[in-house]
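A.B. asks: Shown below is the structure under consideration.
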Amino acid sequence: LVSVLDQAPGDGFGALGLRTARGPVETRLYEAQEPLAAVILVGGVGGGLDSPARNLIAKLGEELFGDGVLRLQYRNSTDLDKAVYDVRSGIRVLACQGTSRSGLVGHSFGGAVVISAAARSPVRRQGVGSNRDQTTPSE
């Protein structure tokens, strides 16, 4: 079960805290005018919401603003299964908002996370992108 903990306005986005069965997940939501499609952006190890690569994830969120973007910080940056659970929670939140398609983009370890999340998700109408090679096994 996923529910919204809190929402606070940010610079073009809403700070959205999610409550999952496994604990809270911090996100930033750039809402779309027509929420049919959205993208979830996930950083690498130690990058928090913005990625360790010079704020790559934050910059992508800004570039895609208006298209529906959820920047997500998974809770444990060294546990693939926990990180995948968190991304799948983000997919569920977007689906509850009426999004029928989602794209998943991950940087470094986040690439393994989004590939695995897509493989495990019952939502099959999604695209996946990974930037920067990583060696963590993914499905």
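Numbering follows the working numbering, with no gaps: position 44 of the sequence shown is 473.
Every residue, glycine too, gets a C-beta built ideally from N, C-alpha and C.
Predicted model only: the values in this text are computed from it and were never measured.
1) Helix, strand or coil: which one does DSSP assign to L465?
2) Taking V454 as the reference, give the member of S529, D515 and G539 with the closest Cα.
3) If you follow the beta strand (DSSP E) that V474 is in, where does it begin and where does it stop?
4) Can you tell me whether S570 is buried or exposed? The criterion is at least 16 other CB atoms within 10 Å of its CB, across all chains shown.
5) Straight-line CA distance for G490 to G539?
6) Tell me the residue span of the alpha helix (DSSP H) that contains Q529.
7) Among Y503, L470 and R517, which one has its Cα closest to the Cα of P551?
8) Could you compute how far the alpha carbon of N560 sits from the alpha carbon of T449?
9) Near Q555, what residues of its chain come up, given a Cβ to Cβ distance below 7 angstroms and the 5 sequence neighbours on each side ignored?
10) Mapping the DSSP letters down to three states, classify S550 as helix, strand or coil.
11) Just verifying my parser: in three-state terms, what is the DSSP assignment at Q444?
C.D. replies: Per the coordinate set shown:
1) coil
2) D515
3) Here V474 belongs to no beta strand (DSSP E), and DSSP marks it neither H nor E.
4) Shown here, the chain extends from 430 to 568; a query on residue 570 therefore has no answer.
5) 15 angstroms
6) A small fix is needed here, since residue 529 is Ser in this sequence, not Gln. Note, S529: premise wrong, no alpha helix (DSSP H); not H, not E.
7) R517
8) 27 angstroms
9) R530, S531, G532, L533 and A547
10) coil
11) As written in the sequence, residue 444 is Ala, which differs from the Gln given in the question. Three-state result, A444: strand.
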